[in-house]
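**Q**
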Amino acid sequence: MDQTTIIERIRARGITTSDISDDELGTLITSALNWYSYYRPAVKLTTTSSCITTVAGQQAYDPPSNALWVVEVFWNPTGQYAMQDLYRALLGVQFDPDHYVDVVINLSQLARINSYFRGRWKVVDGKIYLIPAPTEDGIKVPVLYATAKTLSDLDDVKDVWFEELVYAMALERKALNMTSQAGWRAGAYQVSAQPAVVMAKWAQQRIQEVRQAIANNYAAARSDSRGGGHEET
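What follows is the structure in structure tokens.
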């Protein structure tokens, strides 16, 4: 999508330049895009050059500069592998691979071992904290994060709700403009506020419906809702 195309489509649906100017529509599009990005952000993985690069003993690192929030941090402390492998080997001696119950117990214990030794993370005051602290320099730690979308990121089909949100917001603005003109009189002619009130009510209801539809298709879990990490202030 691009702004010119969106404006043309809104115009085709009955919002004229006398209702709302192109500049005002552009402002509404920006506002709608900010709201839309909160629920349907672009989800990106850091490149090799932008990954966290560990420093021995340092726990806190900056998230990507354009991150709205962190979705996942792929932190696996390399120093833990030897001890983890030892526990796995000891566990492997204690079960019969042909016995179903033993297999289930073994898998459960392996999962617990993995949880003991895998790296964890949390976001505190805008910093990513790696747990445990790295013991080596130079380890690359990828970060999956949400970032704001641009109009060029939007697809005509998959992001059809965005256009609908802009239209509903434009209709609400049109209704407000009509309300401000209500009461104007020229002889026996007087502008009634009733049509504007009905339009505003419909537009506000439509905005709520569209936002609910967008929110029901949440695109990226926030850092404070993941098992691997959470956000604290």
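Heads up: the sequence shown begins at 0 in numbering that gives the first Met the number 0, then just goes up one per residue.
Note that CB positions come from ideal geometry on N, CA and C, so glycine has one too.
Bear in mind that the values here come from a model prediction, so they are computed numbers and not experimental data.
1) Please state whether the Cβ-Cβ distance between residue 2 and residue 19 is less than 8 Å.
2) With DSSP collapsed to three states, give me the class of residue 7.
3) By alpha-carbon positions, which one of 142, 136, 74 ends up nearest to residue 68?
4) Look at residue 60 and residue 126 and say whether their C-beta atoms are less than 8 Å apart.
5) I need the boundaries of the alpha helix (DSSP H) containing residue 54, first residue and last residue.
6) Please report the straight-line C-alpha distance between residue 66 and residue 195, rounded to a whole angstrom.
7) Buried or exposed, going by whether 16 or more other CB atoms sit within 10 Å of the CB of residue 53?
8) CB-CB under 6 Å to residue 215, same chain, minus the five flanking residues each way: which ones, in chain order?
9) Would you mind sorting residue 63 into buried or exposed? The rule is 16 or more other CB atoms within 10 Å of its CB.
10) Would you check if the distance between the CB atom of residue 42 and the CB atom of residue 120 is smaller than 8 Å?
11) With residue 41 as the anchor, note down where its beta strand (DSSP E) starts and where it stops.
12) Taking 7 Å as the limit between beta carbons, can you name the residues of its chain near residue 80, skipping five residues before and five after?
13) Do you know whose CA, among 169, 171, 32, 166, lies nearest residue 238's CA?
14) Counting only runs that start and end within the region 136-188, where is the alpha helix (DSSP H) found for 4 or more residues in a row?
15) Could you give the DSSP three-state label for residue 31: helix, strand or coil?
16) Give me the Cα-Cα distance between residue 36 and residue 210, rounded to the nearest whole angstrom.
**A** Result, derived from the coordinates:
1) Going by C-beta atoms, residue 2 is not nearer than 8 Å to residue 19.
2) Under the three-state reduction of DSSP, residue 7 is assigned to helix.
3) Minimum Cα distance to residue 68 is reached at 142.
4) At the C-beta level, residue 60 and residue 126 come within 8 Å of one another.
5) From DSSP, residue 54 is part of no alpha helix (DSSP H); its letter is neither H nor E.
6) Taking the straight line joining both Cα atoms gives about 40 Å.
7) Residue 53 is buried by the Cβ-count criterion.
8) In its chain, beyond the 5 residues on either side, no residue has a beta carbon closer than 6 Å to the beta carbon of residue 215.
9) Residue 63 should be labelled buried.
10) Contact flag unset, no.
11) Unbroken beta strand (DSSP E) run through residue 41: 41-44.
12) Reliability of the predicted coordinates at residue 80 is poor, the pLDDT of 47 falling under 50, and the value obtained from them is presented with this limitation in mind. None.
13) Residue 238 is absent from the model: the chain starts at 0 and stops at 232.
14) As far as the region 136-188 is concerned, its whole alpha helix (DSSP H) runs of at least 4 residues are 159-180.
15) Reduced to three states, the DSSP call for residue 31 is helix.
16) Residue 36 and residue 210: Cα-Cα distance of roughly 12 Å.
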